[in-house]
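Protein chains: 2
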Amino acid sequence: MVRAAPRQPGPARRADAERNVAAILEAATRLLSADPSASVADVAKAAGVGRVTLYGHFPSREALVDAVMRHAVGLADAVLDDPALDRLPAPEALARLLRSSWEVLDRHRRLFVAADRVMATERIREHHERPLRRVERLIERGRRDGDFRTDLPLPWLVTTFFSIIHSAAQERAAGRLAPEDVERVLVATMTSLLTSS
Amino acid sequence: MVRAAPRQPGPARRADAERNVAAILEAATRLLSADPSASVADVAKAAGVGRVTLYGHFPSREALVDAVMRHAVGLADAVLDDPALDRLPAPEALARLLRSSWEVLDRHRRLFVAADRVMATERIREHHERPLRRVERLIERGRRDGDFRTDLPLPWLVTTFFSIIHSAAQERAAGRLAPEDVERVLVATMTSLLTSS
Chain C
1 MVRAAPRQPG PARRADAERN VAAILEAATR LLSADPSASV ADVAKAAGVG
51 RVTLYGHFPS REALVDAVMR HAVGLADAVL DDPALDRLPA PEALARLLRS
101 SWEVLDRHRR LFVAADRVMA TERIREHHER PLRRVERLIE RGRRDGDFRT
151 DLPLPWLVTT FFSIIHSAAQ ERAAGRLAPE DVERVLVATM TSLLTSS
Chain E
1001 MVRAAPRQPG PARRADAERN VAAILEAATR LLSADPSASV ADVAKAAGVG
1051 RVTLYGHFPS REALVDAVMR HAVGLADAVL DDPALDRLPA PEALARLLRS
1101 SWEVLDRHRR LFVAADRVMA TERIREHHER PLRRVERLIE RGRRDGDFRT
1151 DLPLPWLVTT FFSIIHSAAQ ERAAGRLAPE DVERVLVATM TSLLTSS
């Protein structure tokens, strides 16, 4: 790999900074997904950078958690990019999208708990804009096809999807919902919510 | 009113402290319900106490918001104590409870936004234990009477009530749900969620 000469520190420093940010985000996503109380010092150590370097990129724990949330949702959205969704009837596609969304969320549910402690729900929702657009397109299609209700506003139905699946993560974390029940409960809840009228 | 003599400062000081706490909670509930960003200094000023006194009772903004949430939910629970609920058929009682819960929440929705910024959802839910017991009793009765579904766990149905009504507060605050639509949307959503199977 060609390093920039000492006289031109700009690009090399930028590459270092990018590597550091990537290492910090990877370590923070891993640590916070295992323990929502993981400290900034733990993250710096796991990423192999100093705390000063970490704070140079993320001035507070909130800023770090915010960046990790963006990073994790980006990874999740790639998983949800499933071509089969467009081919299935909307109700079946909904069940499939719910299951894969839950799989991803369940893996990162401690990270979600960490975010919920320091971030407003509205901010967490903003990070989910891309996956929520998938949900919106699917519900829109179901309404066009006559499979889903049209008596409630589309943005509200999208919100209930976000809210119901995140409630399941909370309930699972609090021990009020058994892990083996989650998928059935989510599919039954969203199906009756979208198909009744 | 009889004041304790100077030689026995205990009870008088306790009475002062109680008056201060009551004034702080009243002022904080009022200010935070008008503006979720209201500062601790604003609250102390409105309550007519010094900041040192306020911090003596509530060591952080989080502690103050937590106490205000407890206070406000206590007031709300008194409003929800409606004898008609037990006489109406469960589906009608549900619509009535949703409407009165929404009225109370809507009045305090900025306070809810303030709490959501600094508190975990699980903690906010803990504060709602008493009103949620009302919801639980009502859903239980509806299930016994054959009006509500029994294929989903009772705690999950109670959670969806909490989650759906708080989502409505978020959506209203974010301008994605028109104020005049909220009641209809809430009742339609919870009714289909509880009566489908």
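The listed protein sequences correspond, in order, to chains C and E.
Residues 1 to 197 in this note's numbering are what the first sequence spells out, letter by letter.
Residues 1001 to 1197 in this note's numbering are what the second sequence spells out, letter by letter.
Just so you know, even glycine gets a beta-carbon here, dropped at the ideal spot from N, CA and C.
Distance check between E/V1158 and each of E/V1185, E/G1146, E/R1125 places E/R1125 closest, using alpha-carbon atoms only. Taking C-beta separations shorter than 8 Å and ignoring five residues to either side along the sequence, the partners of C/L85 in its chain run A93, R96, L97, R134, L138, following chain order. Straight through space, the alpha carbons of C/A22 and C/T53 are spaced by roughly 13 Å. CA-CA distance, C/M190 to E/P1179, rounds to 24 Å.
Taking CB atoms only, C/M69 has no neighbour in chain E less than 9 Å away. Distances from the alpha-carbon of C/L152 to those of C/D145, C/L177, C/E140 put C/E140 closest.
A direct Cα-Cα distance of roughly 53 Å separates E/R1019 from C/R149. Residues are counted here when their Cβ sits less than 9 Å from a Cβ of chain C; for the segment 1046-1077 of chain E the count is zero. With its beta carbon less than 9 Å from one in chain C, E/L1193 belongs to the interface.
Look at C/A44 here: in three-state DSSP terms it is helix. Going by beta carbons, E/A1169 and E/L1105 fall inside the 9 Å limit. With distances taken between CA atoms, C/A63 lies nearest to C/V40 out of C/E26, C/V40, C/T160. Interface annotation, C/A174: in contact with chain E, CB-CB separation under 9 Å. Within chain C, no residue has its beta carbon less than 8 Å from that of E/W1102; the closest one is some 14 Å off. About 7 Å separates the beta carbons of C/R107 and C/S33, which is inside the 8 Å limit, making them a contact pair. Annotation: C/E183 has no Cβ neighbours in chain E at a cutoff of 8 Å; minimum Cβ distance is about 13 Å. Scanning its chain for C-beta atoms nearer than 6 Å, with the 5 sequence neighbours on each side dropped, one finds around C/A38 the residues L31, L32, in chain order. C/P36 is not a Cβ neighbour of C/R123, given a cutoff of 9 Å.
At least 9 Å separates the CB of E/L1097 from every CB of chain C. Taking a beta-carbon distance threshold of 9 Å, C/V135 does not count as an interface residue toward chain E. The shortest CA-to-CA distance from C/G146 to any of C/A174, C/A67, C/D77, C/A90 is the one to C/A90.
Taking 9 Å as the Cβ-Cβ cut-off, the segment 1006-1027 of chain E has no residue approaching chain C. As for any alpha helix (DSSP H) of minimum length 4 sitting wholly inside the segment 54-109 of chain C, the runs are 61-80, 84-87, 90-107, ordered along the chain. For C/P131, not one C-beta of chain E is nearer than 9 Å to its own C-beta.
Here the alpha carbon of E/E1171 sits roughly 34 Å from the alpha carbon of E/H1057. Apart from sequence neighbours up to five positions away, the residues of its chain that approach C/E183 with a beta-carbon distance below 7 Å are R99, W102, ordered along the chain. Burial check for E/R1109: the Cβ neighbour count within 10 Å reaches 16 or more, so the residue is buried. Assigned with DSSP and collapsed to three states, C/F162 falls in helix.
Counting only Cβ-Cβ distances below 7 Å, E/A1090 has no contacts in chain C at all, with the closest Cβ about 17 Å away. The beta carbon of C/R51 sits closer than 8 Å to those of V40, A41, A44, all from its chain and outside the five residues before and after it, given in chain order. The C-beta distance from E/H1071 to E/T1121 rounds to 19 Å, too long to fall under 8 Å, and the pair is not in contact. In the three-state scheme derived from DSSP, where H, G and I count as helix and E and B as strand, E/F1148 is classed as coil. Bounds of the alpha helix (DSSP H) holding E/H1127 are 1121-1127.
Between E/L1193 and C/L193, the CB-CB gap stays under 9 Å.
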